[in-house]
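Residue numbers (my numbering): 2 to 1143. We put the beta carbon where it would ideally sit given N, CA and C, even for glycine. Quick caveat: nothing in here was measured; it's all calculated off a predicted structure. These notes concern the structure reproduced below.
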């Protein structure tokens, strides 16, 4: 027996395949390889069932409870509830158990319903029919029964049931078109290619005869990456090995378009498909408000423990005298006398903890969750943020960060597609120093003229003419454009050789612009057919070039190349890319003239690309082909090997010329940036473009102004001076005008200070971030940050995607810990979007990877203004009031209970009835604050939009600072003192009536523990509700209904609770208490008086602060109120004068 086979089996079944191997072998159609080829090892893979649900019928209750009790607040209340059950506590377990049960039940029902919907969707997906090949025939079965290795047939408009390697299609060229809208949101058609050796298999019998194995990587979630190879066995010869990449992979969830049918072999099924692996949610981001809330909870927990300790100690001090410890009416049993003192003290401590535990508001978590979830709909419902051109509206991918939109201090934005439209227009090309401008277009008709306008006086010679045509051929051939023939498509382009409409499809708008531009200069790309690219030259002759290799574009190389073979047998390599990546690889051509033109175009804000070529002799091409093939079929480090191979191939080039494409600025981009800067937000532009192009865009969008002094921290500067000298020189410059003081984040537009703008490139950033020889890199970073803080705007150009994330992280982790926001539209922006506190994706033309990975998505950059300055402002104001109000009303609720212990011998007697304890946070005071936190507008939307500086009033978590938190806490303590002692002094003098009842001497009111507690509770409910009414600026009928309805509900409930004998209660202590209390006239007067006294300090404080130290928001509110009063006065006077005239 083969030892290697035994070793393989032992590893697979004992050690686990996933732990030791990073590739898998798939046998196409489950056919074993020929004898002697390789050992056939049956492999185990999951079936094709998709399970997106979280729970099953059996594990729902335990799993859901476990997840809910992982939250600290829920776990805390569970412990309190258990303590109430175990020991003799002053309050019923119902008081803690019912609110906890309510919160847990509501959450469980919501999560259970959502999971039931997921189960329903999973079953529909798993039971849909699929066609696959079995013994040369087409068989139909359920999707969940598919296995790895099955050959599947998919028809047009059907969704791929699993991840497939594309074997063949009904199209002659072995291609198919798919849409991946359900995966990444992109609705454009993408072209995929069948394996070269199997694309001719068009029937079930042909496919069934295929003898092949596929080796590929283990499942991983990247939708745009795949590495594999296929071994096709023919007549027992050595297998033909072909590389497999993402262009050969059809993903589950994608839909087949414009192709009758395709055949593919299943390689990843069920939960191993890329779609399923992408179900994982992104890392959780937490807002500054949530962090503040948790800190405040810890403070209140410390207050709770302190209260319990104080009362426990005072209880034993009080009971140090025997007659207090054992009064005649409450003699202890023998077992109670013999109990350990420390055990008794600990039990009493727990009892006090239970008594005061309501200071921690369990319902606050539920209210905050509801506020965030419901509040997020205001963004999606905003019609002003809907873009009619694209038919897109804003998206909210997470509602946890709504309030963070009102705290942003730094915005990091991409340029192309974010600030600009990403709608490219070919402007000119420069060939051998001669400039060519395409035909003018008037009313859709190309004006007849020469092939181009030569901007140089000297006319091109014969040699230049040859280079010129070579340049145009390069633009026609060096791309990945697909041609779609369709008369009904918007924006048809007429092909000169036929009357048909010809539409170019590409993932890059640049490529389409270049091909369309060169078409107006006389060369038209027609199509790719049977691996031959066809172009139409100026003489209307069709030229055919065999496409030999494509060296794909990537963001590191910043260039792409093709190797083609002409009809005469000449082999060319055409390369196009950024000037920084092409010029160093050029050995011939008019480099200086072309470089000067490129720099001039860049200053004007045009996007430039350079074009170069070289001829390959057949022997040289064979070496290139072998080198590329070896890299392509590698399963390990394929990307690195391909990059090394490309480096060797793309060298010794001859420069042909350069192109210039215009990318227009988005509508209102400049106004948006200006408003954001006025709001005190610093805007940084991070782009991969060259410095001159990016700087021109920054001037156009008003990021840089005419009086802005630009500071450069670029490779060119560092070559002239050392990095250390450049940094210190810049630092000295920016600090000289600010008197050595660092300006804060919100002084970017101050008139009395010099405005600075910093430009840095990727290479300089790498040097700053690079650790020094002594192992430290902190000094340079701190100096760099110091310079950035004193600049009103920063432009980072030539940035790689990871460098964008590095910049965001550097600012995010600086000592001020500012709140950062990143916005972009492309896959290269995903890293910075995920890194920032808030990530916003623009639903643009570069796909939807950014929108999918973001927290929020908007159709255009201009919508960022309303999202931050209006929605963000409102969200923060509302939730900060919600948090502070919850702590305030719970201090009002529990502090009288604490004071009451001093008057009841620390006996743990409760002040309030059980029903009041239970319903205070659930019913009596919950709805008004929820509605306030959803609808409050302290100033109007138009005012916020008109005056962006109001955003500064709430910056740096202004409404949840310690000063504000302490004010709300002391306000709660003051109100609690008023409630308690106001009621206490009313009941101070009492007498016992003939029937044993206690009556107050001055008011002749029946007095008792529950009457006293009910009076305190009534004043408290009215005070905290009216406090919220005083804070409300934006009144609607819903606010009126909820606020006055809550007070009415309390009164009606109390009347019913105390007016009926409830048979299910073993006590009736509240019977007739509320009615008896309200039957006393002095009680009514006292309630009104105590409410007024409680609210008076807060009203006085607001009036004084508004008059003496008004904020910008308060000045605007006063101005608006005066204006409305003036308007109403004018209206009344006009009405009066008109009535008098009659």
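(message) According to DSSP, is residue 140 part of a helix, a strand, or is it coil?
(response) strand
(message) Quick check: the Cα distance between residue 493 and residue 504, rounded to an integer number of angstroms?
(response) For residue 493, the predicted model reports a pLDDT of 38, less than 50, meaning its position is unreliable; a value from the coordinates is still stated below. Roughly 6 Å between the two C-alpha positions.
(request) Could you pull the start and end residues of the beta strand (DSSP E) that residue 117 belongs to? (result) Residue 117 -> not in any beta strand (DSSP E); alpha helix (DSSP H) instead, spanning 94-127.
(request) Ignoring anything shorter than 4 residues or poking outside the stretch 665-726, list the alpha helix (DSSP H) runs there in chain order. (result) 670-679, 692-701 and 716-721, all fully within the stretch 665-726.
(message) Out of 682, 85, 70 and 1088, which one is the CA nearest neighbour of residue 105?
(response) 70
(message) Let me check understanding here. Comparing Cα to Cα, which of 783, 841 and 868 lies closest to residue 855?
(response) Comparing Cα-Cα distances from residue 855 to each of 783, 841 and 868, the minimum goes to 841.
(request) Could you pull the start and end residues of the beta strand (DSSP E) that residue 147 belongs to? (result) From DSSP, residue 147 is part of no beta strand (DSSP E); its letter is neither H nor E.
(message) In whole angstroms, give me the CA-to-CA distance for residue 423 and residue 388.
(response) Going by the C-alpha atoms only, they are around 16 Å apart.
(request) Determine the closest residue to residue 724 out of 939, 781 and 710, with distance taken between C-alpha atoms. (result) Checked all of 939, 781 and 710; the closest Cα to residue 724 is 781.
(request) State the Cα-Cα distance for the pair residue 181 and residue 385, rounded to the nearest angstrom. (result) Each residue's alpha carbon lies about 29 Å from the other.
(request) Just mark residue 1035 as buried or exposed, buried being the case when its beta carbon has 16 or more other beta carbons within 10 Å. (result) So residue 1035 counts as exposed.
(request) Could you please give the first and the last residue of the uninterrupted alpha helix (DSSP H) stretch that includes residue 917? (result) 915-920
(request) Hey, could you find the ends of the alpha helix (DSSP H) residue 31 is sitting in? (result) Note, residue 31: premise wrong, no alpha helix (DSSP H); not H, not E.
(request) Taking residue 1153 as part of the alpha helix (DSSP H), name the residues at either end of that continuous run. (result) What the structure shows of the chain is the stretch from 2 to 1143, and residue 1153 is not part of that stretch, so it cannot be assessed.
(request) Work out the CA separation of residue 581 and residue 560 for me, nearest whole Å. (result) 10 Å
(request) Taking only the alpha-carbon atoms, compute the straight-line gap between residue 514 and residue 482 and give it to the nearest angstrom. (result) Distance between the alpha carbons of residue 514 and residue 482 is about 11 Å.
(request) Spell out a yes or no on whether the stretch 258-266 and the stretch 570-589 are touching, meaning 3 or more CB-CB pairs, one atom from each, closer than 8 Å. (result) no
(request) Give me the Cβ distance between residue 839 and residue 315, rounded to the nearest whole Å; I'm assuming they're in contact under 8 Å. (result) Incorrect: roughly 49 Å between the Cβ atoms, too far for contact.
(request) Would you mind reading off the limits of the alpha helix (DSSP H) that contains residue 977? (result) 963-987
(request) Helix, strand or coil for residue 626, going by three-state DSSP, please let me know. (result) Judged by DSSP in its simplified three-state form, residue 626 adopts helix.
(request) Apply the 10 Å Cβ neighbour rule to residue 1031 and answer buried if 16 or more other Cβ atoms are within range, or exposed otherwise. (result) exposed
(message) For residue 575, report the span of its beta strand (DSSP E) as first-last.
(response) Segment 572-578, the beta strand (DSSP E) holding residue 575.
(request) Please list, in chain order, all residues of the same chain as residue 130 whose beta carbon is under 8 Å from its beta carbon, the five residues on each side excluded. (result) 141, 142, 143 and 144
(request) Classify residue 419 as helix, strand or coil using the three-state DSSP reduction. (result) Looking at residue 419 - three-state DSSP - the assignment turns out to be coil, as it is neither helix nor strand.
(message) Out of 1119, 708 and 757, which one is the CA nearest neighbour of residue 714?
(response) Taking only the C-alpha atoms, the option nearest residue 714 is 757.
(message) Please report the straight-line C-alpha distance between residue 1 and residue 114, rounded to a whole angstrom.
(response) A question about residue 1 goes unanswered here, because the residues of the chain that appear run from 2 up to 1143.
(request) Sort 680, 32 and 800 by Cα distance to residue 716 and report the nearest one. (result) 800
(message) For residue 903, count the other beta carbons within 10 Å of its own beta carbon; 16 or more makes it buried, fewer makes it exposed. Which is it?
(response) exposed
(request) On a CA-only basis, which of 399, 728, 249 and 1038 is nearest residue 286? Give me that one, please. (result) 399
(message) I'd like the span of the beta strand (DSSP E) that includes residue 215, first residue to last.
(response) 213-218
(message) Which of the three DSSP states is assigned to residue 543 in this structure?
(response) strand
(request) Pick helix, strand or coil for residue 582, following the three-state DSSP scheme. (result) helix
(request) Classify residue 409 as buried or exposed, calling it buried when 16 or more other Cβ atoms lie within 10 Å of its own Cβ. (result) buried
(message) My assumption, with CB atoms under 8 Å, is that residue 249 sits in contact with residue 196. Please give the rounded CB distance.
(response) 6 Å
(message) I need the straight-line Cα distance from residue 706 to residue 760, nearest angstrom please.
(response) 14 Å
(request) Let me know if residue 222 comes out buried or exposed under the rule of 16 or more other beta-carbons within 10 Å of its beta-carbon. (result) exposed
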